[in-house]
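Engineer:
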Amino acid sequence: MQSIETMRAKVDICIMFMLTLWLTPLLSETQVDNGPFIDSECVTCHTERNPELIKQWQSGSHAITHDVGCIGCHGDQHEDSNIRARSDHTCKGCHEGAVGHSYTTSKHGVINHLEETEHGWRQPLQRGNYRSPGCSYCHFHDAGHQDTMAQERGPEMRQWICSGCHGPRYVREQLANGERQLEIADLKVSEGERLITTAAEDQSDTLRALRQNLIRHRKNVLYGVGHQSPDYQWWHGQPALDGDLIRIRDSLLQTYQQQLLSNSSKE
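In my numbering, the protein residues as written are 12 to 278.
#1: Using the C-alpha atoms, what's the distance from His238 back to Thr209?
#2: If you run the structure through DSSP and keep just helix, strand and coil, what is Leu136?
#3: State the Cα-Cα distance for the pair Leu271 and Glu202, rounded to the nearest angstrom.
#4: Go ahead and label Pro144 buried or exposed: buried means 16 or more other beta carbons lie within 10 angstroms of its beta carbon, across all protein chains shown.
#5: So, helix, strand or coil for Ile122, using DSSP?
#6: Less than 7 angstroms between C-beta atoms, sequence neighbours within five positions excluded: which residues of the same chain meet that for Val110?
#7: Rounded to the nearest angstrom, what separates Gly2 and Phe151 at their Cα positions?
#8: I'd like to know whether the C-beta atoms of Lys199 and Leu252 end up nearer to each other than 7 angstroms.
#9: Closer than 7 angstroms by C-beta to Asp50: which residues in its own chain qualify, once you throw out the five before and the five after it? Chain order, please.
#10: Buried or exposed: where does Trp246 fall if 16 or more other Cβ atoms within 10 Å of its Cβ makes it buried?
#11: Check each candidate in Arg133, Gln269 and Leu225 and name the one with the smallest Cα separation from Arg205.
#12: Hey, could you find the ends of the alpha helix (DSSP H) Glu63 is sitting in?
#13: Pull up the distance between the alpha-carbon of Ile207 and that of Ile65, whole angstroms please.
#14: Output the boundary residues of the alpha helix (DSSP H) element that contains His238.
#15: Alpha carbon to alpha carbon, how far is Gln116 from Ser275?
#16: Rounded to whole angstroms, what is the Cα-Cα separation between Met168 and Asp261?
#17: Just how far apart, CA to CA, sit Tyr141 and Gln134?
#18: Apart from the five residues just before and just after Lys126, which ones in its own chain have a Cβ nearer than 6 angstroms to its Cβ?
#19: Less than 7 angstroms separating the beta-carbons of Cys102 and Cys53?
#20: Tell me whether Leu38 sits in a helix, a strand or coil according to DSSP, three-state version.
#21: Can you list, in chain order, the residues of its chain whose CB lies under 8 angstroms from that of Ile94, leaving out five sequence neighbours each side?
#22: Mapping DSSP to helix, strand and coil, what is Ser143?
#23: Any idea if Cys105 is buried or exposed, counting beta-carbon neighbours within 10 angstroms, 16 or more meaning buried?
#24: What span of residues does the alpha helix (DSSP H) with Thr308 cover, start to end?
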């Protein structure tokens, strides 16, 4: 019969063996050089660890259109690299102007600004982890590296992400309202384009600038709808388009009146 000491020794050995099996992968994961790194080093390592993630980045607009690499969002240090990439400050470093301001002036943006130090961007970008979504929560939901709010992902993806915080009926109503707002904006742009085509050649410079305003203000409506920003749905969006139409008509009317005066003086 084995002594108690012998049995205890065997139990201790078993415990140490199990701890070794459990801790070894954890230690191997944490023993990573902190950097600094360059993009190619990030891609080489993460292609082995998570090839699907690299494929998503390579086929996304950051890599293809804007040539934004890993360190552009994550920084060149490994520690807290995911936190840096999730932060609104990182996104707004590039996405300035109407894109960033429309989110900042939304209810989501205001809450995130006030509570940024509390949530700290440490939780995964998944349902229930944030009281209010930041840029990365919606656009890179569940840690993906392709824009989950992109038009080609379809309305189902947007509805699924929004319903993580909001009720299904509310989400459907907001999406339907957004579509209607864009339809109205497109009608205003079409009317402005039609008026511009009737203009005389000597008005081309003036009307070209007015046409650019049409396009810009239509984008504001899109940003306002997407970011749920009342300022960009309205003051910088729909009323701004109304103002563009008034100015286009006024420019055409002035030219017409000048032509009448010129013709009458010749008679």
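The beta carbon of each residue, even a glycine, is placed where N, CA and C say it ideally should be.
Structural biologist: Inspection of the coordinates gives the following:
#1: 36 angstroms
#2: coil
#3: 25 angstroms
#4: buried
#5: helix
#6: Tyr234
#7: Lying before the first or after the last residue shown, residue 2 is absent from the chain, which here runs from 12 to 278.
#8: yes
#9: Gly80, Cys81 and Ile82
#10: exposed
#11: Leu225
#12: Pro62 to Gln69
#13: 46 angstroms
#14: Ser215 to His238
#15: Checking the sequence shown, residue 116 turns out to be Thr, not Gln. Whole-angstrom Cα-Cα distance: 53 angstroms.
#16: 43 angstroms
#17: 8 angstroms
#18: It should be noted that the sequence gives Glu, not Lys, for residue 126. So the list is empty, once near-sequence residues are dropped.
#19: no
#20: With a pLDDT of only 48 at Leu38, under 50, the local geometry of the prediction cannot be trusted, and no value is derived from it.
#21: Gly131, Trp132 and Arg133
#22: coil
#23: exposed
#24: The displayed coordinates of the chain run from 12 to 278. Any statement about residue 308 would go beyond what the structure contains.
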